[in-house]
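Q: A single structure is presented below for examination.
Given below as structure tokens:
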């Protein structure tokens, strides 16, 4: 177990080394100046702009930016829905998978378009290679790029003065896909292949095991999907059991690299912000706030899972580490990963709105499960998904300067721009949407016999299963508790609504804030200005994030996993 | 069922487009607010 704390330290050290330069590279990509790889990428971009009729020199107001995003997402969802429905007659279907049921296809199409990747389908057992490698992977790239584009629009809103435009959605989408996500994913996929992750077009191969039994070994384009599912905070695994499957996550090295890939781009985002606004200390302040939240959660989860299941101690069951057992709470976990690496992954995947799993969260201890839920219910800001995590934290920054302004009787400012009623109203819309979705749909679900029948456990833990099954889609996380059989009409529809509203009803106020801020002229800082890059501000920001989430969700958590812990 | 699903998805995005308009009103209403608000001691 001690070695897992070393792994946590290595992950943090890697973040500190890689995230700042990666964030600055992303800032260059969002600019119009020369960038690394221009000779390779510029001709490709010009070709795409010519084919699609995009004028890269034309910038958009926030409303046009939002309508572009909505139009692109609608076409994406309908296109993916068509692929899933028609996969039975499309090529690359060696397993003979039939077309997906309409409601399930809708759930999957919405899930991948919104960067959620909630999986109500059975992975390789439900989908063809074409559906996975073309349908899902395409959305993995562009939905992640769309999140980064929204981030760029908001940062431009903060950075620019007396402007009316926040960038060009199509240019941001193209550049993020081609210059960031594709190259990183290509390299990562090749590394995964060296570790034994499958990458072929085979179906199930029938083999005879040493003891004479028959076994079916699945194949498919797995490595190419794993790369972007980790880097783009998507999370949808090729296999139904995601990264707990030995052909999707075969070695300790693969597990460590996939764990790192969860957090690199989200933690690079604050540095993109610092670079684009011309104040690197601002980026560091947000980075530390994100990292502190993540570390608090991760230490609790790793400690809880490493300590073992308290109920089993009462039965005299030995949960200590030994040569033959990793120790701790091993229910629902891979022996090769052990409780530490499983808990580390669980915390990082729920904090980054990724959603891939290497263990079954339903089998975690109550404390470990509370961490996974809390990471999502904080609003996915520690550090959250690619792009959308940073903008979520910036909304909390706006609320924090507003509250600080109320305390001292000043009009609040963000980098010299006055935060006024419009920004606060829009931030309030942003903050209220997710809790309304989570608590509203959970409240309805516990009243419906069909929804209650989807649970694997009764009582408090059953409520936790339903809460997780709603919180994950509503926060565009996508990880599963693995205790809720949610491929039902109610959950397929309600989760699709939660994913759509949880994505676009949050992005639209953000773009509106960008449009409002971009028109403002910053005022000069005075002695009365509240610095937003100090340790005091980081502390205040953390307080706002924790108190808001705590006041909102403590009651339902008390009835669910907290009650289970106290049982 | 396909038609119902497609109409449902299109309807959501139509509502989202309306949400853009709502947020635009919120932004637009602020244009009349002075940069120096009453009670600002800064």
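Chains as they are written, first to last, in my numbering: chain R, 1 to 567; chain Y, 568 to 609.
Cβ atoms here follow ideal geometry from the backbone N, Cα and C, with glycine treated the same way.
From a predicted model like this one, the values you see are computed outputs, not experimental measurements.
1) Between the segment 464 to 477 of chain R and the segment 368 to 380 of chain R, do at least 3 Cβ pairs fall closer than 8 angstroms?
2) For a minimum of 4 consecutive residues, which ranges assigned as the alpha helix (DSSP H) are wholly contained in the segment 106 to 172 of chain R?
3) Name the residue from R:513, R:139, R:14 whose alpha carbon lies nearest to the alpha carbon of residue 417 (chain R).
4) Keeping to the same chain, check which residues put their C-beta closer than 7 angstroms to that of residue 471 (chain R); ignore five residues upstream and five downstream.
5) Specify the secondary structure class of residue 228 (chain R) as computed by DSSP and reduced to three states.
6) For residue 168 (chain R), which residues in the same chain have their Cβ closer than 7 angstroms to its Cβ, ignoring the five residues on either side in sequence?
7) With a threshold of 16 other CB atoms inside 10 Å of the CB of residue 205 (chain R), please say whether the residue is buried or exposed.
8) With which residues is residue 455 (chain R) paired in a DSSP beta bridge?
9) Taking residue 77 (chain R) as the reference, give the member of R:93, R:111, R:506 with the closest Cα.
10) Give the straight-line distance between the Cα atoms of residue 128 (chain R) and residue 491 (chain R), rounded to the nearest whole angstrom.
11) If you draw a straight line from the C-alpha of residue 339 (chain R) to the C-alpha of residue 257 (chain R), how long is it?
12) Show which residues of chain Y have a CB atom less than 8 angstroms away from the CB atom of residue 505 (chain R).
13) Considering only the alpha carbon of each residue, which of R:72, R:98, R:174 lies closest to residue 29 (chain R)?
14) Need the endpoints of the beta strand (DSSP E) that residue 298 (chain R) sits in, please.
15) Quick one, which of R:392, R:280, R:289, R:511 has its alpha-carbon nearest residue 20 (chain R)'s?
16) Rounding to the nearest angstrom, what Cα-Cα distance links residue 460 (chain R) and residue 123 (chain R) in this structure?
17) Which residue from R:135, R:363, R:118 puts its Cα closest to that of residue 334 (chain R)?
18) Note down the Cα distance separating residue 121 (chain R) from residue 100 (chain R), rounded to an integer number of angstroms.
19) Which chain R residues sit within Cβ distance under 9 angstroms of residue 577 (chain Y)?
20) List the endpoints of the continuous beta strand (DSSP E) containing residue 206 (chain R).
21) Return no unless some Cβ of chain R is closer than 9 angstroms to the Cβ of residue 574 (chain Y).
22) Output, in sequence order along the chain, the residues in the segment 485 to 513 of chain R whose CB is closer than 7 angstroms to any CB in chain Y.
23) State the CB to CB distance for the pair residue 22 (chain R) and residue 264 (chain R), rounded to an integer number of angstroms; the pair is presumed to be in contact (CB under 8 angstroms).
24) What residues of chain Y sit near residue 430 (chain R), judged by a beta carbon separation below 7 angstroms?
25) Flag residue 135 (chain R) as yes if its beta-carbon sits less than 9 angstroms from any beta-carbon of chain Y, otherwise no.
26) Just to confirm before moving on: does the CB-CB distance between residue 155 (chain R) and residue 590 (chain Y) stay below 9 angstroms?
27) Judging by CA-CA distance, which residue of R:238, R:105, R:226, R:515 is the nearest neighbour of residue 419 (chain R)?
28) By the three-class DSSP mapping on this structure, what secondary structure does residue 364 (chain R) have?
29) Alpha carbon to alpha carbon, what distance is there between residue 427 (chain R) and residue 600 (chain Y)?
30) Count the other C-beta atoms from every protein chain shown that fall within 10 angstroms of the C-beta of residue 455 (chain R), then say buried if there are 16 or more, exposed otherwise.
31) Closer than 7 angstroms, Cβ to Cβ, to anything on chain Y: give me those residues from the segment 41 to 68 of chain R, in chain order.
32) With distance defined between alpha-carbon atoms, name the residue in R:510, R:98, R:189, R:562 nearest to residue 586 (chain Y).
33) With residue 215 (chain R) as the anchor, note down where its beta strand (DSSP E) starts and where it stops.
34) Give every residue of the same chain whose Cβ lies closer than 7 angstroms to the Cβ of residue 259 (chain R), excluding the five residues on either side of it in the sequence, and list them in chain order.
35) Taking 9 angstroms as the threshold (C-beta atoms), are residue 530 (chain R) and residue 405 (chain R) in contact?
36) What's the call for residue 536 (chain R), buried or exposed, on a 16-neighbour Cβ count within 10 Å?
A: The structure says:
1) Taking 8 angstroms as the limit for Cβ pairs, the verdict is that the segment 368 to 380 of chain R does touch the segment 464 to 477 of chain R.
2) 137 to 159
3) R:513
4) Contacts found: 373, 376, 377, 438.
5) DSSP places residue 228 (chain R) in helix when its eight states are reduced to three.
6) Closer than 7 angstroms at Cβ, skipping near neighbours: 56, 58, 59, 60.
7) exposed
8) R:484
9) R:111
10) 23 angstroms
11) 17 angstroms
12) 583, 586
13) R:174
14) Note, residue 298 (chain R): premise wrong, no beta strand (DSSP E); alpha helix (DSSP H) at 280 to 307.
15) R:280
16) Computed Cα separation, rounded: 29 angstroms.
17) R:363
18) When rounded, the distance between both Cα atoms is 9 angstroms.
19) 74, 78
20) Unbroken beta strand (DSSP E) run through residue 206 (chain R): 205 to 208.
21) no
22) Cβ contacts with chain Y come from 500, 504, 505, 508, 509, 512.
23) 6 angstroms
24) Per Cβ cutoff of 7 angstroms: no residues; residue 430 (chain R) is ~10 angstroms from chain Y at best.
25) no
26) no
27) R:515
28) DSSP places residue 364 (chain R) in coil when its eight states are reduced to three.
29) For residue 600 (chain Y), the predicted model reports a pLDDT of 44, less than 50, meaning its position is unreliable; a value from the coordinates is still stated below. Rounded to the nearest angstrom, the two C-alpha atoms are 18 angstroms apart.
30) buried
31) For the segment 41 to 68 of chain R, the beta-carbon criterion of a distance under 7 angstroms to any beta-carbon of chain Y is satisfied by 63, 66, 67.
32) R:510
33) 214 to 217
34) By the criterion of a C-beta distance shorter than 7 angstroms, residue 259 (chain R) is surrounded in its chain by 11, 344, 345, 348, once the five residues flanking it on both sides are discounted.
35) The Cβ atoms of residue 405 (chain R) and residue 530 (chain R) lie closer than 9 angstroms to each other.
36) Exposed, since its Cβ has fewer than 16 Cβ neighbours within 10 Å.
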